[in-house]
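*Asks:* Using UniProt numbering, the letters of the sequence shown map in sequence onto residues 1 to 190.
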Amino acid sequence: MIPQTPTLKHRRNGLNWCFFDSTDLHWCPEVGFSYVSKGHQPKVESPGNANPWYALFGSLVYPEGSGWYTLHERKRHQEVRAHLERLLDSDPNVFWLVVMDNASAHTTPKLDKFWEQNRDRLSVVSLPTYSPHLNLIERLWRVMRGQLTKNQFYPSLTELAQAVVEWFETFPISRFCSLMGVDETPLIFI
């Protein structure tokens with residue numbers, strides 16, 4: 001069972017909000033809308049029937065804007081746990097409120113032991129079904145997909161993953177803050 005309510009003891013040590021989610025990076029490009037001359041359909045290369053993919057997990061700490069992303073070959077409860085353990089390891093003195101959807105890999109009973117072991121360090125805020133607009137990291141996924149994966153083919157899945165990593169490392173902080181609805185002025189990065 002997912003823990004839901006932090007106690008006063010947890011609040012004394014510090015409290016962080018985190019928006020968590022995962023998305024797929026498929027080698028086969030997504031076809032999206034684009035402006036073209038009438039009668040000229042854009043051609044997008046494809047690997048054919050092969051469509052290997054990576055699972056991209058992300059955690060966004062609100063409102064400071066820091067976070068983590070991890071790439072995995074699968075999207076199961078083991079990867080969810082590994083990602084959330086990294087979050088917990090980032091600061092052992094903080095209680096985490098993790099906002100996430102109800103995807104099966106996020107809510108499986110196989111994570112019950114993890115939730116129980118960490119109930120004094122994290123609590124889950126479950127979003128209603130079909131409400132990606134409430135999870136701030138979904139905004140980041142949408143921009144990333146628009147700039148990297150829609151209508152673009154990469155020679156290999158590894159090159160796609162490298163492009164995503166480079167994109168995260170060079171994404172302008174002002175654009176990021178605008179997406180998250182926070183003022184970038186008080187942000188201090190060391």
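C-beta: ideal position from N, C-alpha, C; glycine also.
Expressed to the nearest angstrom, what Euclidean distance is found between the alpha-carbon atoms of F189 and E116?
*Replies:* Position 189 of the sequence shown, counted from the start, is the residue given in the question as residue 189. Position 116 of the sequence shown, counted from the start, is the residue given in the question as residue 116. In this prediction, F189 scores a pLDDT of 48, lower than 50, which makes its location untrustworthy; the coordinate-derived value is nonetheless stated afterwards. If I take the Cα positions, the gap works out to 33 Å.
*Asks:* With H, G and I counted as helix, E and B as strand and the rest as coil, what does DSSP make of A82?
*Replies:* The count along the sequence shown starts at 1 and reaches residue 82 at position 82. Helix at A82.
*Asks:* I'd like the list of long-range same chain contacts for A161, defined as Cβ closer than 8 Å, with 5 residues on each side in sequence excluded.
*Replies:* Here residue 161 corresponds to residue number 161 of the sequence shown, with the count starting at 1. So the list reads L25, Y54, L71, once near-sequence residues are dropped.
*Asks:* I'd like to check one pair, H106 with V80: are the Cβ atoms closer than 9 Å?
*Replies:* By 1-based counting over the sequence shown, the position of residue 80 is 80. By 1-based counting over the sequence shown, the position of residue 106 is 106. In contact: V80 and H106 (Cβ atoms closer than 9 Å).
*Asks:* Looking only at C-alpha atoms, which of S37, P52, L136, S22 sits nearest to Y154?
*Replies:* Counting from 1 along the sequence shown, the entry for residue 154 is found at position 154. Among S37, P52, L136, S22, the Cα nearest to that of Y154 is on P52.
*Asks:* Going straight from the alpha carbon of F57 to that of V99, what length do you get?
*Replies:* Position 57 of the sequence shown holds residue 57. Position 99 of the sequence shown holds residue 99. The alpha-carbon atoms of F57 and V99 are separated by roughly 13 Å.
*Asks:* Give me the Cα-Cα distance between N135 and S22, rounded to the nearest whole angstrom.
*Replies:* To locate residue 135, count along the sequence shown from 1; it is residue 135. To locate residue 22, count along the sequence shown from 1; it is residue 22. N135 and S22: Cα-Cα distance of roughly 11 Å.
*Asks:* Do you know how far the Cα of E166 is from the Cα of residue 191?
*Replies:* Residue 191 lies beyond the residue range present for the chain, which begins at 1 and ends at 190; the question has no answer from this structure.
*Asks:* So, helix, strand or coil for D101, using DSSP?
*Replies:* Within the sequence shown, numbered from 1, the residue matching residue 101 stands at position 101. D101: coil per DSSP, three-state reduction.
*Asks:* With DSSP collapsed to three states, give me the class of L87.
*Replies:* Taking the sequence shown and counting its residues from 1, the one referred to as residue 87 is at position 87. If DSSP states are grouped into helix, strand and coil, L87 belongs with the helices.
*Asks:* Assuming L88 and L111 form a contact by the criterion Cβ under 8 Å, report the distance between their Cβ atoms to the nearest whole angstrom.
*Replies:* Start at 1 with the first residue of the sequence shown, and residue 88 comes out as number 88. Start at 1 with the first residue of the sequence shown, and residue 111 comes out as number 111. Between L111 and L88 the Cβ distance is about 13 Å, and since that is not below 8 Å, they are no contact.
*Asks:* Among the residues of its own chain, which have a CB less than 6 Å from the CB of F20, if the five just before and after it don't count?
*Replies:* Residue mapping note: residue 20 aligns to position 20 of the sequence shown, counting from 1. If we look at F20 and ignore the five residues flanking it on each side, its Cβ neighbours are S59, V98, M100.
*Asks:* Mind checking H83: buried by the 16 CB within 10 Å criterion, or exposed?
*Replies:* Stepping through the sequence shown from its first residue, residue 83 is reached at position 83. So H83 ends up on the buried side.
*Asks:* Would L140 be called buried (16 or more neighbouring beta carbons within 10 Å of its own) or exposed?
*Replies:* For the purposes of this step, residue 140 is identified with residue 140 of the sequence shown, where counting begins at 1. So L140 counts as buried.
*Asks:* Whole angstroms is fine: what's the gap from N93's alpha carbon to R175's?
*Replies:* For the purposes of this step, residue 93 is identified with residue 93 of the sequence shown, where counting begins at 1. For the purposes of this step, residue 175 is identified with residue 175 of the sequence shown, where counting begins at 1. C-alpha separation (whole angstroms): 30 Å.
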